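Asks: Structure incoming, see below.
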Amino acid sequence: MDSTAQILPGTLDLLILKAVSLGALHGYGVLLRIQQISGQALLIEQGALYPALIRLTRGGLLKARWGVSSNNRRAKFYELTTAGQRRLQNQTEGWERLVAAMGAALGTRPEEV
Amino acid sequence: MKRQVREFSEEAELHLSERAAELERGGMEPAAARRQARIEFGNLDNYTEQAREAAGGAWLRALGRDLAFGLRLLRKSPGFTLSAVLLLAIGIGANAAIFSMVDWLLLRPIPAVQMPGELVYVVADRTDGRHSNGFSYPNFDDIRRESGAVFSGVAAVIPFEMDGLTADGETIPFWPAHVSGNYFALAGVQPALGRFFASDAAGEAAAPAELVLSYDYWRKHFGGRTDVLGERVTANGRATTIVGVAPRGFVGLTPMLTFEGYVPFSPDTAGELGSSTGDFFHDRTASTGLMILARRRPGVSVAAAQPVLRVIARRLAGEYPKAAPWRSLTAIQLTSAPPGASMGEGNPLETVAGLFLGLAGMVLLLACVNIANLLLARAGGRRRELALRAALGAGRGRLLRQMLAESLLLSALGCAGGLLVALAACRVLNAIPLGTSIPVVFHFGLSARVFAYACGLGTLTGLAIGVAPAWQASRVAPQAVLQAGGRPTTARTHWRAALVAGEIAGSLALLIIAGLFTRSLLRAEHTNLGFQPDGVVNLSFDPHAAGDNAGRGAGFAQAWLEKVQALPGVAAASVAATVPMGEVSYGGTVTVAGRPRASHQDDSAGYNAVTPDYFRTMGIRLLRGRSWRRGEAGAAVINEVMARKYWPEGDALGRAFTMDTEGASGVYHVVGVAENTISGWPADVNAPFVYLDFGQHYLSPATLQVRIHGISASAAMQAAREQARELDAQVPVFDAQTMTAAMQGIDGYFLFELGAMLAASLGLAGLFMAVVGVYGVVAYSASQRTHEFGVRLALGAGRGQILRLMLRQGAVMTAVGLAIGVVLAAVIGQAAKGMLFGVGGLDPWAFGGATLLLAAVALLASLVPARRAMAGDPVRALRWE
Numbered sequence: 001m002d003s004t005a006q007i008l009p010g011t012l013d014l015l016i017l018k019a020v021s022l023g024a025l026h027g028y029g030v031l032l033r034i035q036q037i038s039g040q041a042l043l044i045e046q047g048a049l050y051p052a053l054i055r056l057t058r059g060g061l062l063k064a065r066w067g068v069s070s071n072n073r074r075a076k077f078y079e080l081t082t083a084g085q086r087r088l089q090n091q092t093e094g095w096e097r098l099v100a101a102m103g104a105a106l107g108t109r110p111e112e113v
Numbered sequence: 114m115k116r117q118v119r120e121f122s123e124e125a126e127l128h129l130s131e132r133a134a135e136l137e138r139g140g141m142e143p144a145a146a147r148r149q150a151r152i153e154f155g156n157l158d159n160y161t162e163q164a165r166e167a168a169g170g171a172w173l174r175a176l177g178r179d180l181a182f183g184l185r186l187l188r189k190s191p192g193f194t195l196s197a198v199l200l201l202a203i204g205i206g207a208n209a210a211i212f213s214m215v216d217w218l219l220l221r222p223i224p225a226v227q228m229p230g231e232l233v234y235v236v237a238d239r240t241d242g243r244h245s246n247g248f249s250y251p252n253f254d255d256i257r258r259e260s261g262a263v264f265s266g267v268a269a270v271i272p273f274e275m276d277g278l279t280a281d282g283e284t285i286p287f288w289p290a291h292v293s294g295n296y297f298a299l300a301g302v303q304p305a306l307g308r309f310f311a312s313d314a315a316g317e318a319a320a321p322a323e324l325v326l327s328y329d330y331w332r333k334h335f336g337g338r339t340d341v342l343g344e345r346v347t348a349n350g351r352a353t354t355i356v357g358v359a360p361r362g363f364v365g366l367t368p369m370l371t372f373e374g375y376v377p378f379s380p381d382t383a384g385e386l387g388s389s390t391g392d393f394f395h396d397r398t399a400s401t402g403l404m405i406l407a408r409r410r411p412g413v414s415v416a417a418a419q420p421v422l423r424v425i426a427r428r429l430a431g432e433y434p435k436a437a438p439w440r441s442l443t444a445i446q447l448t449s450a451p452p453g454a455s456m457g458e459g460n461p462l463e464t465v466a467g468l469f470l471g472l473a474g475m476v477l478l479l480a481c482v483n484i485a486n487l488l489l490a491r492a493g494g495r496r497r498e499l500a501l502r503a504a505l506g507a508g509r510g511r512l513l514r515q516m517l518a519e520s521l522l523l524s525a526l527g528c529a530g531g532l533l534v535a536l537a538a539c540r541v542l543n544a545i546p547l548g549t550s551i552p553v554v555f556h557f558g559l560s561a562r563v564f565a566y567a568c569g570l571g572t573l574t575g576l577a578i579g580v581a582p583a584w585q586a587s588r589v590a591p592q593a594v595l596q597a598g599g600r601p602t603t604a605r606t607h608w609r610a611a612l613v614a615g616e617i618a619g620s621l622a623l624l625i626i627a628g629l630f631t632r633s634l635l636r637a638e639h640t641n642l643g644f645q646p647d648g649v650v651n652l653s654f655d656p657h658a659a660g661d662n663a664g665r666g667a668g669f670a671q672a673w674l675e676k677v678q679a680l681p682g683v684a685a686a687s688v689a690a691t692v693p694m695g696e697v698s699y700g701g702t703v704t705v706a707g708r709p710r711a712s713h714q715d716d717s718a719g720y721n722a723v724t725p726d727y728f729r730t731m732g733i734r735l736l737r738g739r740s741w742r743r744g745e746a747g748a749a750v751i752n753e754v755m756a757r758k759y760w761p762e763g764d765a766l767g768r769a770f771t772m773d774t775e776g777a778s779g780v781y782h783v784v785g786v787a788e789n790t791i792s793g794w795p796a797d798v799n800a801p802f803v804y805l806d807f808g809q810h811y812l813s814p815a816t817l818q819v820r821i822h823g824i825s826a827s828a829a830m831q832a833a834r835e836q837a838r839e840l841d842a843q844v845p846v847f848d849a850q851t852m853t854a855a856m857q858g859i860d861g862y863f864l865f866e867l868g869a870m871l872a873a874s875l876g877l878a879g880l881f882m883a884v885v886g887v888y889g890v891v892a893y894s895a896s897q898r899t900h901e902f903g904v905r906l907a908l909g910a911g912r913g914q915i916l917r918l919m920l921r922q923g924a925v926m927t928a929v930g931l932a933i934g935v936v937l938a939a940v941i942g943q944a945a946k947g948m949l950f951g952v953g954g955l956d957p958w959a960f961g962g963a964t965l966l967l968a969a970v971a972l973l974a975s976l977v978p979a980r981r982a983m984a985g986d987p988v989r990a991l992r993w994e
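Chains as they are written, first to last, in the working numbering: chain Y, 1 to 113; chain X, 114 to 994.
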């Protein structure tokens, strides 16, 4: 359990965008993909995924179409829109800057001050 | 939104089963796997709610919650709810009722007609500056033929020729319109039964004698039989064939009137429609009673039709300067407003409508002020609740919305109540008898437009009454309120007092206007009539309608009169062509030999043809001279106004004058001078008037008048009717009523009464609003000051002092309100002056009476709660905290 982490508030959207950017996915697929790409390290509330998907779709970042899942069930597949791709790129850069800054800040040693 | 929620469920279901399947693959029991999947998913309801919110429409659902909450609150305080709804119902009801009258009289499109917006009527602007909507047939036919570029159809109608319809030996009154063959084609209607007339212009001059019945007349008098088609009946003595029935709801194209049937212009009716000298179809001066209706071609505006009409007018005026003395022809949009009204002379109905809508609006405004006051008082009491909710995180917008939802809910209930009030008011109005058999129809009701108007007002009202309290509530600073224990500030009490002062002002204005109209009615009813209506019974009859040519009708009238004069209980009886305040009146031009006619002087005079005993029957005093003897040639009685006008030295007796009436001219000598009487409209008193001998001036219809003595009016009517039937069953006898009842009719006091009734109802509503307002504010302030009064009493103040304190507050409010109200009423009274009879816009009785009444009522309304405050127990008051 120590190897997992609660995701930070506001980062779920970014994770969903990333997961979907790798290929169209249905809801459960998004969850699996996030677990897969985060090396099972990120713990997300599974139910929370869906309101987020609806919100992103309404916001024009994702588009949804109905298709058939791998075990032959009707499922809604999500893909990134152009606006979604732009948003993903921006947020990724922002995130990287934040991580770099936080890393630098947290890595500071007494003699460096 | 719904769809997204449904899809969410589907997605969640898929998610759960996939997750469970995966867990099973990991070796779990199916049931356990399912459970585990659910646990991992989290609270499904919670996420459903989140999904719904993410899907949007949150605002609408929140409103639903607000409404439900509001409804709970309103149910919790039924007293408040009931009074607010009652106030609103009165306010909105008054407006809807007045608007339903305006709708009927002014706004309603002509019913059952295709595209009524395309219809216009054509009016001539005459060279003498007057407007005329009457044309002769040849002029109409020329206009019809030459206006094809702008009109797709032009038809003509002679709106009312009183007729009788004889079927199976009995004649019933029948009010058809005489129409050109294409009348129905112009309206774009299809017959309910049978067919209409041949509609080509050439066919008119050779049309057969045919008749189309209105739907209602057919149902009423022919029992809706389908075999009436082809039936031979007699209309005005002309044999004719029923060929069709007009569609249901179609009442013709003449505003206010409801035709009972349609007769085509034809050789058969031409003699009747043309004057005795002219040929209806060919003489341009023969009959000038045709109203011209036209349908604009699609895309042709009223203004675009103008140039074409001007060209036609010029050609006709150039060719026939006497028969077409026109400067131009004008097309006017056909509405349901009475035709004279929109003939460029300003519509008095619009002024009246504006006034009463304004007054009704004022009642609603007063209701709003009252309710806003109640809501403010409640908001005061609810400050704790609202503060608590604000402290718990309800946003300002949320609170605002909540308060607005409550007031909208109230106004919706009030609106429903108001529609009921309006419905009841319409019933009362529709039940007022018009005292005439002419099918003029008033049928006020709740049309879609009235409904929309009421709902619009309701919404506006809801917003208006909700905004102030909502704004105030949303500005609560939670800590302050929660700490202060909800004690109100005095500033708001002043604000409320100002509202009530405004309310008293409005209410006073309403009362004064009600007073003005009531005084006007009383004045009209107590004007010296010049005759004694009590004990006079009228029976109208119309030999002409039974197809009579002059000789027989005059004989019938004389024979009937003699029979009735011989009946027991008949003090006097006479026949007259017109009755005072009746729908028929005649006039002519007077010339006196040797008296030069000044060009500016109006020499018109009204006249009536009567039998010699008329003055005795009607109780009209003969000031000088006598009535004529039967058969005395050229004798006339004139009224005093006329005697003074032409023979100011008082020597009218024996003098001669010439009277030109429609198509006839005669020389008469004065044998008597009669007291002035009211002739037509109740306001006509000072016009010259001439009485001529009915025996030599036979007119139809006419009225037999009987002065009864010692028998009942109904017995007299019964007996007289029987005599008429014995003489000639075919002559229709109608409008049998007492003279006093006839005077209440549409040509008599009807409009005065209607005006007084409406104004009085609105005035009473205003008074009610003022009472509620004053009482409410004083009672509220008494309740808020209970603690203060307790302290004052405990410190030794007398109870009288407390009472004075309270009353002073009410008195100041009332005095300020009354002062403003008087000014307001003076302004409105000035605007209403033209609708009043014998009363000035600043009538001191109306102003004084209303002011005193309202002052007294306001004092009383503040006395009750003030006394209660005075009687309070100081100990309890102090413990009240």
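All C-beta atoms in this analysis are idealised placements derived from N, C-alpha and C, irrespective of residue type, glycine included. Computed from a prediction, not measured in an experiment: that's the story for all the values here.
1) Do you know how far the Cα of A855(X) is from the Cα of Y566(X)?
2) Closer than 7 Å, CB to CB, is E45(Y) near chain X or not?
3) Does the stretch 815-824 of chain X come close enough to the stretch 748-767 of chain X that 3 or more CB-CB pairs lie under 8 Å?
4) Could you tell me if G475(X) is buried or exposed, where buried requires 16 or more neighbouring beta carbons within 10 angstroms of its beta carbon?
5) Any beta carbon of chain X sitting closer than 7 Å to that of A128(Y)?
6) Using the Cα positions of A938(X) and A968(X), report the straight-line distance between them to the nearest angstrom.
7) Would you kindly work out how many angstroms separate the C-alpha atoms of R116(X) and R165(X), rounded to a whole number?
8) Let me know the secondary structure DSSP gives W66(Y) once reduced to three states.
9) Roughly how many whole angstroms lie between the Cα atoms of N71(Y) and R86(Y)?
10) Indicate the three-state DSSP secondary structure (helix, strand or coil) for T818(X) in the structure shown.
11) Using the Cβ count rule (16 or more neighbours within 10 Å means buried), how would you classify S997(X)?
12) What is the DSSP secondary structure of I545(X), counted as helix, strand or coil?
13) Taking Y699(X) as the reference, which of I152(X), Y328(X), S717(X), A686(X) has the closest Cα?
14) Chain Y beta carbons: is any one of them nearer than 7 Å to that of E126(X)?
15) Name the DSSP beta bridge partners of M772(X), please?
16) Report buried or exposed for K76(Y), applying the criterion of at least 16 other Cβ atoms within 10 angstroms of its Cβ.
17) By alpha-carbon positions, which one of M870(X), A971(X), R148(X), T448(X) ends up nearest to I545(X)?
18) So with CB distances below 9 Å, who are the chain B contacts of Q117(X)?
19) Under 7 Å between C-beta atoms, does G155(X) make it to chain Y?
20) Whose CA, out of A134(X), R708(X), L201(X), lies closest to the CA of S520(X)?
21) Could you give the residue range of the alpha helix (DSSP H) that holds N651(X)?
22) Give a yes or no on whether the C-beta atoms belonging to K63(Y) and E45(Y) are separated by under 7 Å.
23) If the criterion is Cβ atoms closer than 7 Å, does the pair T851(X) and D773(X) meet it?
24) Taking E131(X) as the query, report the chain Y residues whose CB atoms sit under 8 Å from its CB, ordered along the chain.
25) Listing by chain order, which chain X residues have their CB less than 9 Å from the CB of A104(Y)?
26) Would a check of beta-carbon distances place Y78(Y) closer than 7 Å to chain X?
27) Counting only runs that start and end within the stretch 863-914 of chain X, where is the beta strand (DSSP E) found for 3 or more residues in a row?
28) Rounded to whole angstroms, what's the CA-CA distance from V891(X) to I821(X)? Just pull it up for me.
29) Buried or exposed for G954(X), please, with buried defined as at least 16 other CB atoms from any protein chain shown within 10 angstroms of its CB.
30) Residues of chain X with a CB under 9 Å from the CB of A48(Y): which are they?
31) Is the Cβ-Cβ distance between S293(X) and A269(X) less than 7 Å?
32) Suppose the cutoff is 6 Å on Cβ atoms and the five residues either side in sequence are ignored; what does the same chain contact list for V421(X) look like?
33) Reducing DSSP to helix, strand and coil, say where A974(X) ends up.
34) Please state whether the Cβ-Cβ distance between L652(X) and A416(X) is less than 7 Å.
35) Grouping DSSP H, G and I as helix and E and B as strand, with all else coil, what is Q446(X)?
Replies: Considering the structure as presented:
1) 35 Å
2) yes
3) no
4) With the sequence shown as reference, residue 475(X) is identified as Met, and Gly is not the correct amino acid for it. Buried, by the Cβ-count rule.
5) Past the boundaries of the shown model lies residue 128(Y); chain Y is included only from 1 to 113, so the question cannot be answered.
6) 16 Å
7) 10 Å
8) strand
9) 32 Å
10) According to the sequence as given, residue 818(X) is Gln; it is not Thr. Here Q818(X) sits in strand by DSSP.
11) Only positions 114 to 994 of chain X appear in the structure, and residue 997(X) is not among them; the question remains open.
12) coil
13) S717(X)
14) no
15) V703(X), G779(X)
16) buried
17) M870(X)
18) As a matter of chain content, chain B is missing from the structure shown, whose protein chains are Y and X.
19) yes
20) L201(X)
21) Looking at the DSSP string, N651(X) is not in any alpha helix (DSSP H); the run it does join, the beta strand (DSSP E), is 649-654.
22) no
23) no
24) Y28, S69, N71
25) The premise fails here: A104(Y) is roughly 36 Å from chain X at the closest Cβ pair, so nothing lies under 9 Å.
26) no
27) none
28) 60 Å
29) buried
30) G155, Y160, Q163
31) yes
32) S260, A262, V263
33) helix
34) no
35) strand
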